[in-house]
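This report refers to the structure that appears directly beneath it.
Protein chains in written order, with this note's numbering: chain G, 21 to 295; chain S, 16 to 335.
This is the structure we're talking about:
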């Protein structure tokens with residue numbers, strides 16, 4: 021397998037996405053909602069002096085946590101502790117939702133979209149190996165979502181520190197857990213989802229069907245990420261390491277076996293309804 | 016040298032089915048290097064499937080395929096690297112420019128990017144390379160697809176309806192290029208349902224129907240095989256006197272098609288027929304021995320095959 025060929029396949033898809041405003045404008049809006057608007061509003065509400073009732077409710081929840089979890093939460097006042105927990109724990113799954121949503125939209129079209137545009141025939145007659153096509157499509161699907169997450173992470177860090185930093189006691193974000201989340205947990209979750217979505221894209225008859233299937237795949241993975249993120253409250257570093265390691269095992273298996281779902285016949289649309 | 020290496024493309028008894036449908040059925044084709052083979056047949060005859068089998072994009076259910084001495088099932092990547100394909104739909108990235116499309120293909124085939132301008136100029140599309148393909152006309156798309164197919168100087172050229180949507184001038188340029196490529200040792204297989212396209216460029220015509228090669232050979236050879244009896248076009252000022260032409264010695268039959276198409280036993284009796292007509296007072300305005308065009312050949316072959324195999328070839332559909 022030639023990585024330069026993989027990059028060639030990925031690059032043309034990325035180029036196409038980059039010049040398609042109808043794709044990236046909604047995606048930018050989505051990222052902005054999750055990484056900017058929601059944290060800005062929520063942290064704004066929590067840090068307002070008038071929000072004592074909400075803060076005390078969050079404080080009650082925090083005091084009911086086991087000792088180890090409670091110790092992780094920083095801040096001298098209930099308001100600071102509420103803001104810290106909101107920024108560090110409650111919004112953590114957003115880091116999974118955004119890349120999955122963005123990337124699954126690309127991944128769902130990876131093969132069936134090419135077939136519908138007639139490009140499948142071109143790829144089928146090309147000297148590209150099936151694994152190169154698959155890896156290129158996977159990369160082209162993963163990059164937009166992950167880049168959006170990295171950019172969102174940077175913006176989110178600024179917002180959190182700007183909004184909650186003054187009451188928590190200085191700039192505290194990103195925490196070790198979040199670094200691990202972004203660089204160790206998110207990539208395998210993304211790859212697991214995309215390895216399934218690109219497979220489905222090779223098997224379904226239309227882009228609409230692929231989008232439906234992608235939603236079905238993304239939903240349980242997003243839910244799994246929410247469940248997993250609850251462990252972050254107990255021990256963020258350990259939880260991130262464990263969740264990430266398990267996800268990487270699934271990701272490596274999923275990516276390695278995913279190419280089998282693609283064939284030149286499927287690029288041509290042959291035997292799709294019997295698949 | 017392995018004798019297979021001297022061959023361009025060989026299909027031996029190849030079959031390929033899709034469920035119940037037999038798209039290609041026991042098809043045998045031999046296209047030596049430097050030759051042009053034209054797959055001629057109506058839509059659904061199996062032409063596109065044949066092209067896909069040659070590149071190894073589809074695997075046959077039965078039979079053997081050899082391309083440049085290699086088996087597509089084993090050396091498919093190498094065969095595809097040395098082949099240029101123009102699919103029935105041009106298969107281009109609409110949102111990208113013509114230049115982007117050609118650069119992408121150049122990277123895939125490891126072609127020298129400096130060939131892009133040359134290939135585009137060859138098909139008269141160089142002036143539009145900066146434009147997005149979405150703004151191209153059908154003819155421009157086809158020309159870009161053709162430029163892309165020859166970018167890497169392929170040894171095998173597989174053209175599936177390459178002139179679809181082209182204006183006559185562009186279509187002629189494509190056919191000239193095919194002739195030129197074959198002249199320089201490339202093997203060309205062209206699938207078409209347009210009879211006149213094959214005229215003059217085909218070293219071999221393979222008449223396909225229901226996935227089978229109904230007949231194959233050089234057009235002249237096929238003409239000798241299927242059009243044994245010469246046909247002469249006859250017309251006169253007093254056409255009513257031509258209606259008794261069938262009673263002349265050596266005239267096998269006649270059919271009115273704009274002018275009278277008269278089938279003779281042999282061309283040698285034509286002077287006698289003409290003399291007889293003149294003696295009977297026919298004022299002749301046209302006597303023209305008809306050259307066997309591929310179109311005549313095609314319909315004659317279809318007619319004879321239908322007679323020989325009743326039910327095997329359905330009669331042509333008449334538009335409502």
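Note that beta-carbon positions come from the ideal geometry of N, C-alpha and C, so glycine has one too.
On a predicted model such as this, the values are computed, not experimentally measured, just so you know.
Query: Alpha-carbon to alpha-carbon, residue 51 of chain S and residue 193 of chain S; Result: 8 Å
Query: Three-state class that DSSP yields for residue 48 of chain G in the structure shown; Result: helix
Query: Proximity of residue 131 of chain G and residue 165 of chain G at Cβ, strictly below 7 Å; Result: no
Query: Residues of its chain near residue 295 of chain G, where Cβ-Cβ distance is below 6 Å and the 5 sequence neighbours each way are ignored; Result: Caution is warranted here: a pLDDT of 38 is assigned to residue 295 of chain G, below 50, making its placement in the model unreliable, and the coordinate value is therefore given only provisionally. Excluding residues within five positions, the ones whose Cβ falls inside 6 Å are 223.
Query: Cβ of residue 50 of chain G within 7 Å of any chain S Cβ; Result: no
Query: Proximity to residue 102 of chain S [Cα-Cα], best of G/111, G/138 and G/125; Result: G/138
Query: Short CB-CB distance (under 7 Å) between residue 284 of chain G and chain S; Result: yes
Query: Per-residue contacts from residue 92 of chain S into chain G (C-beta, under 7 Å); Result: 147 and 149
Query: C-alpha gap between residue 48 of chain S and residue 219 of chain G, whole angstroms; Result: 39 Å
Query: Contact set between residue 238 of chain G and chain S, taken where Cβ atoms lie within less than 7 Å; Result: Per Cβ cutoff of 7 Å: no residues; residue 238 of chain G is ~26 Å from chain S at best.
Query: Beta-carbon gap between residue 56 of chain S and residue 71 of chain S smaller than 7 Å; Result: no
Query: Residues sharing a beta bridge with residue 109 of chain S, DSSP; Result: Bridge partners of residue 109 of chain S: none, in fact.
Query: Exposure of residue 304 of chain S, with buried meaning 16 or more beta-carbon neighbours within 10 Å; Result: exposed
Query: Members of the stretch 59 to 90 of chain S near chain G, C-beta cut-off 7 Å; Result: 67, 70, 72 and 73
Query: Where residue 33 of chain S falls: helix, strand or coil (DSSP); Result: strand
Query: Outcome for residue 157 of chain G when other beta-carbon atoms lying within 10 angstroms are tallied against a minimum of 16; Result: buried
Query: Interface flag, residue 100 of chain S vs chain G, CB-CB below 7 Å; Result: yes
Query: Closer than 6 Å: residue 202 of chain G CB and nearest the ligand PLP heavy atom; Result: Looking for the ligand PLP in the displayed structure turns up nothing, as the structure carries no ligands at all.
Query: Reduced DSSP secondary structure (H/G/I, E/B, other) of residue 271 of chain S; Result: strand
Query: Residue 230 of chain S - DSSP class collapsed to helix/strand/coil; Result: strand
Query: Contact set between residue 36 of chain G and chain S, taken where Cβ atoms lie within less than 7 Å; Result: 108, 110 and 111
Query: Straight-line gap, residue 98 of chain G to residue 233 of chain G (C-alpha atoms, nearest Å); Result: 44 Å
Query: Close beta carbons around residue 300 of chain S, own chain, < 8 Å, minus the five adjacent residues each side; Result: 250, 251 and 252
Query: Boundaries (first-last residue) of the beta strand (DSSP E) holding residue 175 of chain S; Result: 171 to 175
Query: Start-to-end residues for the alpha helix (DSSP H) that takes in residue 129 of chain G; Result: 114 to 129
Query: Within-7 Å CB hit, residue 23 of chain G to chain S; Result: no
Query: Neighbouring residues, chain S, relative to residue 40 of chain G (Cβ below 9 Å); Result: 110
Query: Backbone secondary structure at residue 31 of chain G - three-state DSSP; Result: helix
Query: Neighbourhood of residue 274 of chain S by C-beta, 7 Å cutoff - its chain only, sequence neighbours within 5 removed; Result: 248, 249, 250 and 301
Query: Residue(s) in a DSSP beta bridge with residue 96 of chain S; Result: None; residue 96 of chain S has no bridge partner.
Query: Three-state secondary structure (DSSP) of residue 197 of chain G; Result: helix
Query: For residue 3 of chain S, the nearest candidate out of S/169, S/185, S/245 and S/291 (CA to CA); Result: Residue coverage of chain S in this structure runs from 16 to 335, which leaves residue 3 of chain S outside it and unanswerable.
Query: Span separating the alpha-carbon of residue 318 of chain S from that of residue 311 of chain S; Result: 10 Å
Query: Beta-carbon separation (whole angstroms), residue 53 of chain S vs residue 178 of chain S, contact threshold 8 Å; Result: Not really, about 12 Å apart at Cβ, beyond 8 Å.
Query: Where residue 223 of chain S falls: helix, strand or coil (DSSP); Result: strand
Query: Contacts around residue 298 of chain S, its chain only, beta-carbon distance under 7 Å, and the 5 residues preceding and following it disregarded; Result: 251, 252 and 253
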